[in-house]
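Each remark here refers to the structure printed beneath this line.
Chains as they are written, first to last, in the numbering used here: chain A, 1 to 284; chain B, 1001 to 1272; chain C, 2001 to 2364.
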């Protein structure tokens, strides 16, 4: 269709208008704010690379990065592993399609809820006088400090695992179900052990779903601060402050516009890198 | 072997209880009087441990919460409606004109990057942007922002569905003499049907559940059921039962969507 | 049924030169087969003919009218796709009627036309069904009806039989022939199946790597192929081809003197159906006699293919038109008439038949 060169461009114009109306300003503002600052009641001044120097010496940021790595890393690992085990469990132990379907729908519900709802739900469970501790006390056990400095981040991971394990679960379930039964019959004929069968038949198919699930969940946990905003407020102290929450604090609590813009810009760059990795993995 | 199977079943059941437990707690809490919410031993059985009451739901019906739900409904629907047709056109371009300018892989990658942008990195600039136009705390600001963020998801999903339709069907329609708009209307959209419906549903759901932008771009006028939630925690007494009620009500649309579009949703994941 | 003329058609796609200066004339009202292996450019040519794509250069004339830049529906051409491309959300009736909805016919007239063609193609009893409910053969007939109902004078079918069962293919071939004869439309079949050439032997164009190598009837291509590829393509069992040198150097065989005049780099080909089992012991001046051991015997239907290890690079294939049982390892002698031989140069270009050799027309 050599003479219709311009037509495809028209197809892209509408969304470009929509997106551009916001993105242009956002990017422009971010870049501007990194290099210029307007202190309240003061003059707009050019501050050059000051922000970047601050970034390099920001210990609080460094800790936030570590916490984010832990939060997103452990959370993703647990969700993907658990998702895989449950998915394979369903396939191997539940034969009726109807039952499988009902089970999947039930497991799907947490994913469909708003992060805001799930946050408050888990607040109900985790708060010192909340349900988890009530049950523990009722059973005669010691209550746990779910939201104390040492436990808070892990409790958030728990809440996230509850909500999002189903995503890797679904992806790997679909991958597993797409494997032709013939391969498993062959494995049975050749008397392969369960482990070998997994390694030779199941794994090659599931591997891709696993990679996609891992990247998706990691990026998502990196990006989402809803639970932190609503359950722990970054605390106690700084115990649950991830990069995202730190930027949130800089933006709206401390109002360090210029610095927050710097951090945001750096985050966007790292997002682009992560997106690239995701893109490459999808092309397999 | 039997032992492993038994353990497996046990594992599944434990996981099932893990998932259902909190959901049950949420439902039960929504039926409690505010004083019954937390106690030792925990009151978890209606009629046995406590008298169920509808006061939480009454609160929802009689206060701004109802208004918040309606706002969520309106805003999500409006933004989805705005985003759908442009996204359909763009998805068509990405699917059928992979070599053309602005339709190639690199452009699609840019869209992907947009989808993966963390909200926390852009909330402040967007907030300032709307402030500039004196559109802070207006429906327009929230709806438009939602539309912008819906587009990448919608295009992603629609392109996936579009790729599944053989090009020959469109060419047959071209041979039969139909123009592009006619082909779109009479052949592509009907065949794409369930895919478009699923996309609309998933995008709507994403917006229905959104929290961060609703919190910062709305104010006293524009409140969604998600941005209302923090207001229940002002002061010493947190209205847990209302929290539960809002959770239950907020969970209804996702449930309906999952039940209606189960086949397409599974296909979206299977297609990967 | 206009006369079609393709002049210097060129088409590149993603760096590949799909069509290289294609020139072709298709007389009006013919049943024409464009034959060639996959990726030879047949589909590209068909699409350009139908108006779905523009050539990079060149022109298309229908009866002296330049239609190169005319859209598909201005051109009176219909294309039936390889996957039939039926609209899944419409019934068979609506599929067939779809092109007529854009015309100025009344609903009644449309009904009449659709019924007419549906009856002719024997699918009128399935008109209310959806494509997913139809069999492969039925789907194709709906696709053909859809193409015909527009009143197109030229119908192109892209690999029409590839998705059909073996038995259904035979029926459809007969159907296509009847269609061409009854309706007087030009039918162009794009095919990679030599059986289609054998079913419609009168007008064939052979395409290879974007070029038209030979045009003619099946006999001409069978007897005087311009190219080794064509020679190998046509024929129930692929032709035996060996470098002349390897045959001339063979021990224990009898090579007629006329053969020894060939350049060793030339290629000698002979068809399995022209090879006979040789039981006599006398010399024959005009036969090549090869001796060897049987490797495999294949019984196909009511014929036998014997693979003979005669000391050449590959086994010699012998096609015998009855059932013969030979044991592997059995010593056998076969004979090929020099008249039946095909001679090609080292690049595969046709030089002559064995008869030309004897007449002294081919020499070093």
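All C-beta atoms, glycine included, are put in the ideal place defined by N, C-alpha and C.
Chain A beta carbons: is any one of them nearer than 8 Å to that of residue 1038 of chain B? Taking Cβ atoms only, chain A reaches closer than 8 Å to residue 1038 of chain B, which makes this a yes.
Just confirm the distance between the C-beta atoms of residue 45 of chain A and residue 54 of chain A, as a whole number of angstroms; I'd bet it's less than 8 Å. For residue 45 of chain A against residue 54 of chain A, the beta-carbon gap comes to about 15 Å, at or over 8 Å, which does not count as contact.
Cut-off 7 Å between Cβ atoms - residues of its own chain near residue 2127 of chain C, not counting five sequence neighbours on either side: If the five residues before and after residue 2127 of chain C are omitted, its C-beta is found closer than 7 Å to the C-beta atoms of 2091, 2092, 2093, 2118, all from its own chain and listed in chain order.
Amino acids of chain B, ordered along the chain, whose beta-carbon sits closer than 7 Å to that of residue 260 of chain A: 1124
Identify the contact partners of residue 1158 of chain B in chain D, using a Cβ-Cβ distance below 7 Å as the criterion. The chain labelled as chain D is not found among the protein chains of the depicted structure, namely A, B and C.
Since residue 2099 of chain C and residue 2150 of chain C should fall inside the 8 Å C-beta cutoff, what is the C-beta to C-beta distance between them, to a whole number of angstroms? Residue 2099 of chain C to residue 2150 of chain C, Cβ: 5 Å. Contact.
Name, going along the chain, the residues of the region 1041-1059 of chain B whose beta-carbon falls closer than 7 Å to a beta-carbon of chain A. 1041, 1042
How long is the line joining the alpha carbons of residue 134 of chain A and residue 153 of chain A, rounded to whole angstroms? 21 Å
Closer than 8 Å, CB to CB, is residue 211 of chain A near chain B or not? no
Identify each residue in the region 2071-2090 of chain C for which the Cβ-Cβ distance to at least one residue of chain B is less than 7 Å, and report them in chain order. Of all residues in the region 2071-2090 of chain C, the ones placed with a Cβ closer than 7 Å to any Cβ belonging to chain B are 2072, 2073, 2078, 2079, 2081, 2083, 2085, 2087, 2088, 2089, in chain order.
Chain B residues whose Cβ lies nearer than 9 Å to that of residue 137 of chain A: 1040, 1041, 1042
Counting only beta-carbon atoms, is residue 1272 of chain B nearer than 8 Å to chain A? Note on residue 1272 of chain B: pLDDT 41, under 50, position unreliable in the model; the coordinate value appears next. Yes, residue 1272 of chain B counts as interfacial toward chain A.
Of all the CB atoms in chain A, is at least one closer than 8 Å to the CB of residue 1240 of chain B? yes
Please classify residue 2265 of chain C: is it buried, with 16 or more other beta-carbons within 10 angstroms of its beta-carbon, or exposed? exposed
Does the Cβ of residue 2194 of chain C have 16 or more other Cβ atoms within 10 Å, making it buried, or fewer, making it exposed? buried
Given residue 151 of chain A as reference, the closest of A/165, A/141, A/127, A/98 once Cα atoms are compared: A/127
If we count Cβ pairs, one from each stretch, closer than 8 Å, do we get three or more for the region 187-194 of chain A versus the region 95-112 of chain A? Touching, no, given that fewer than three Cβ pairs across the two stretches are closer than 8 Å.
Assuming the contact rule is C-beta atoms closer than 8 Å, residue 2136 of chain C and residue 2164 of chain C should be a hit. Round their C-beta distance to whole Å, please. 5 Å
Comparing the C-beta of residue 1139 of chain B with each C-beta of chain A, is any distance below 8 Å? no
For residue 1146 of chain B, the three-state DSSP class (helix, strand or coil): helix
Taking Cβ-Cβ distances below 8 Å as the criterion, which residues of the region 1167-1195 of chain B are in contact with chain C? Flagged, chain order: 1168, 1169, 1171, 1172, 1173, 1174, 1175, 1176, 1177, 1178, 1187, 1190, 1191, 1193.
Run down chain B in chain order and give the residues with a C-beta less than 8 Å from the C-beta of residue 2050 of chain C. Within chain B, the residues placing a beta-carbon under 8 Å from that of residue 2050 of chain C are 1175, ordered along the chain.
Could you list which residues in chain B have their beta carbon closer than 9 Å to that of residue 2192 of chain C, in chain order? The premise fails here: residue 2192 of chain C is roughly 18 Å from chain B at the closest Cβ pair, so nothing lies under 9 Å.
Looking at residue 1994 of chain C: is its Cβ nearer than 8 Å to the Cβ of residue 2036 of chain C? With chain C covering only 2001 through 2364, there is no way to say anything about residue 1994 of chain C.
Quick check on residue 2046 of chain C: buried or exposed, where buried means 16 or more other Cβ atoms within 10 Å of its Cβ? buried
Tell me whether residue 142 of chain A is buried or exposed, calling it buried when 16 or more other Cβ atoms sit within 10 Å of its Cβ. Result: exposed.
For residue 1025 of chain B versus residue 124 of chain A, is the C-beta spacing smaller than 8 Å? Taking a C-beta distance under 8 Å as the contact criterion, residue 1025 of chain B and residue 124 of chain A qualify as a contact pair.
Across which residues does DSSP place residue 2349 of chain C in a beta bridge pair? C/2227
With H, G and I counted as helix, E and B as strand and the rest as coil, what does DSSP make of residue 2013 of chain C? strand
How many Å lie between residue 207 of chain A and residue 2066 of chain C at the Cα? CA-CA distance, residue 207 of chain A to residue 2066 of chain C, rounds to 56 Å.
Under 8 Å, Cβ to Cβ, is there at least one residue of chain B near residue 3 of chain A? Reliability of the predicted coordinates at residue 3 of chain A is poor, the pLDDT of 48 falling under 50, and the value obtained from them is presented with this limitation in mind. It does not; no Cβ of chain B falls within 8 Å.
DSSP beta-bridge partners for residue 46 of chain A? A/36
Could you please give me the residues that DSSP links to residue 2212 of chain C through a beta bridge? C/2207
Run of the beta strand (DSSP E) containing residue 2342 of chain C, from where it starts to where it stops: For residue 2342 of chain C, the enclosing beta strand (DSSP E) stretches over residues 2342-2344.
Residue 2262 of chain C versus residue 2344 of chain C: straight-line alpha-carbon distance, rounded: Each residue's alpha carbon lies about 11 Å from the other.
Spell out whether any CB of chain B is found under 8 Å from the CB atom of residue 71 of chain A. no
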